[in-house]
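Residue numbers (our numbering): 4 to 274.
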């Protein structure tokens, strides 16, 4: 692992216009690469836009080998930058998933995540994902938690226990929930001793404020508002290991406590 410069593409999406959104991401990826970034993370469903109705989503959803993935991989390879971006993925049974991928500098997909915790109306548009995968990158292990996934403490802890040093959070985080956004980015990092990079949209409905929090729970860099921009942060990836050597969260983790959590969750659902 080494020092990493990450960029967050706080973009204004055109709802349902995949061509326009791809052009926007290509331009921002080129700008991030010109600014020395190794990675750029875009918001949730950055290819389609988040506020797209189900009928339109069914029209523009793509397979993993479709135009979106090809375009993202080409942009990553062309600019020599890793890209995290989201799309509406059509699964094997024609179910639609809220998905994000990690394309490496060679233009290959190194990781993929399907959103597990669907927010309210999303349950009518998407099928729930089932797991929180961790994948290898040239900067160390990483995971993708999509928006509402970050509001639950367990996914980030699962990623950390699997060895992740970085969590990418593509999001469409609303204006009224701005305070929770900051707390979740910092809390995810602090309690799991890793970096959390959250990319949000630049529009009237989303709060912007894309930012990166470090393993000490402090915000390293953050957009001041809702304007379209690139946010850069320089990360010392070894800081996660130094924090883990100093604070023995994982060595002291008690499996019996985790079992109590599982039991309590089961009992809550049956009440």
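We put the CB at the ideal spot given by N, CA and C, even for glycine.
Taking the CA atoms as reference points, residue 188 sits about 14 Å from residue 175. Note on residue 257: under 16 other CB atoms within 10 angstroms of its CB, so exposed under the neighbour-count rule.
When the alpha-carbon of residue 229 is set against those of 12, 5, 90 and 6, the nearest one is in 12.
Around the beta carbon of residue 203, a 10 Å sphere encloses 16 or more other beta carbons of the protein chains shown; the residue is thus reported as buried.
Rounded to whole angstroms, the separation of the alpha carbons of residue 235 and residue 79 is 17 Å. Contact between the stretch 190-200 and the stretch 215-225 is established, with three or more Cβ pairs separated by less than 8 Å. A distance below 8 Å separates the beta carbons of residue 231 and residue 205. When the five nearest sequence neighbours on each side are left out, the beta carbons in the same chain lying within less than 6 Å of the beta carbon of residue 89 are those of 47, 48, 49, 103 and 173, in order along the chain. By the criterion of a C-beta distance shorter than 6 Å, residue 27 is surrounded in its chain by 14, once the five residues flanking it on both sides are discounted.
For the beta strand (DSSP E) assignment, the uninterrupted runs of no fewer than 3 residues enclosed by the stretch 80-145 are, from N- to C-terminal side, 85-93, 99-106, 112-117 and 137-140. Beta-bridge pairing by DSSP links residue 239 to 6. Under the three-state reduction of DSSP output, residue 222 falls in the strand class.
Between residue 93 and the set 85, 110 and 70, the nearest pair of CA atoms involves 70. Here residue 28 carries a helix assignment [DSSP, helix/strand/coil]. The C-beta distance from residue 40 to residue 8 rounds to 5 Å, short enough to fall under 8 Å. According to the DSSP secondary-structure assignment, residue 169 is paired through a beta bridge with 145 and 198. Distance from the Cα of residue 108 is smallest, within the candidate group 157, 124, 84 and 100, for 84. The residues 137 and 144, in chain order, have a CB closer than 7 Å to that of residue 166 in the same chain once the five nearest residues on each side in sequence are set aside.
Beta bridge pairing from DSSP links residue 42 with 9 and 85.
Taking a C-beta distance under 8 Å as the contact criterion, residue 33 and residue 24 do not qualify as a contact pair. In this model, residue 182 and residue 211 are separated by some 12 Å (Cα to Cα).
Distance from the CA of residue 142 to the CA of residue 5, rounded to the nearest whole angstrom, comes to 7 Å.
Exposure of residue 56 is indicated by the presence of fewer than 16 other C-beta atoms within 10 angstroms of its C-beta. Of the other Cβ atoms in all chains shown, fewer than 16 fall within 10 Å of the Cβ of residue 97; this residue is therefore exposed. For the pair residue 112 and residue 105, the Cα-to-Cα distance works out to about 6 Å.
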